[in-house]
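Below is one structure, written out as structure tokens, with a few remarks after it.
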Amino acid sequence: MKRTKKDWIIDGFILLATFAVANLYFILNAPSNNLYSVKTFIDDLIPRIPIFVVPYLLFLPWLWSIVVWAWLKNRSFRQLALALTITNLIAYAVYAFWQTVVPREVIAGQDIYSNLLQFVYNKDLPYAGFPSLHCGLSTVAATYFLITKSRLTGVMMLVAGLIVISTLLTKQHFFLDAVAGVILGYFVTKLVFRLYDY
426 MKRTKKDWII DGFILLATFA VANLYFILNA PSNNLYSVKT FIDDLIPRIP IFVVPYLLFL
486 PWLWSIVVWA WLKNRSFRQL ALALTITNLI AYAVYAFWQT VVPREVIAGQ DIYSNLLQFV
546 YNKDLPYAGF PSLHCGLSTV AATYFLITKS RLTGVMMLVA GLIVISTLLT KQHFFLDAVA
606 GVILGYFVTK LVFRLYDY
């Protein structure tokens, strides 16, 4: 369906609002009076593999390139934007009332990937872990491609899977953080596409 000038303006505001809501994360990634941990025995079995910092860092450019592409192509953009925003807001509510922490491990290596991971540890505070928004928003993107029956679905699901795995193998998140993020992102996206037809 061809966009009118009014549609372009509305969608432009939606794009900016989606970006603004996403950036509220940096306010909520902070300590609170009570901090919780969702660590389980599974986390002790998961190794740290520094090279997985690469897909971890690719998350934001990958996600926002998809959002901008959907906006430019008018490919179910509003559903995608709404699913991302709802996923963010639900996660923010959890962070505000039940803040978790993921203690950072000591990195002994001096290779490029270990240094990159140390950079992430230094810049990203260890809070706002449950649910993982890396996992949640990656799942929103993958589910979006699945629902819209895009030819890119397989590739996008692979990338999303790598990002989810990277949150564990960089020790940025615990196992339950990732599981909660994937479940949240999937069901929010399915619900949005079921209820809203733009």
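Plus 425 on top of the position in the sequence shown (first one is 1) and you've got our numbering.
No residue lacks a Cβ here, since even glycine has one placed at the ideal position from N, Cα and C.
(1) Which value, in whole angstroms, describes the spacing of the CA atoms of N458 and L485?
(2) Does the structure place the stretch 460-474 close enough to the stretch 560-576 that three or more beta carbon pairs sit under 8 Å?
(3) Between the beta-carbon of I474 and the beta-carbon of L558, is there less than 8 Å?
(4) Does the beta-carbon distance from A603 to M581 come in below 8 Å?
(5) Just to confirm the assignment, what range does the alpha helix (DSSP H) spanning S557 have?
(6) Residues in its own chain within less than 6 Å of K596 by CB, not counting five upstream and five downstream?
(7) Within 10 Å of its beta-carbon, does L583 have 16 or more other beta-carbons around it, so buried, or fewer, so exposed?
(8) Pair every Cβ in the stretch 500-519 with every Cβ in the stretch 535-545, then say whether three or more of these pairs are closer than 8 Å.
(9) Taking only beta-carbon positions, decide if L470 is within less than 8 Å of chain C.
(10) Could you tell me whether the Cβ atoms of V527 and P551 are closer together than 8 Å?
Let's see:
(1) 29 Å
(2) no
(3) No, the Cβ-Cβ distance between I474 and L558 is not below 8 Å.
(4) no
(5) Premise fails: S557 is in no alpha helix (DSSP H) and is neither H nor E.
(6) R473 and E530
(7) Its Cβ having fewer than 16 others within 10 Å, L583 is exposed.
(8) no
(9) Here chain C cannot be found, since the structure has a single protein chain.
(10) Cβ distance < 8 Å, so V527 and P551 count as in contact.
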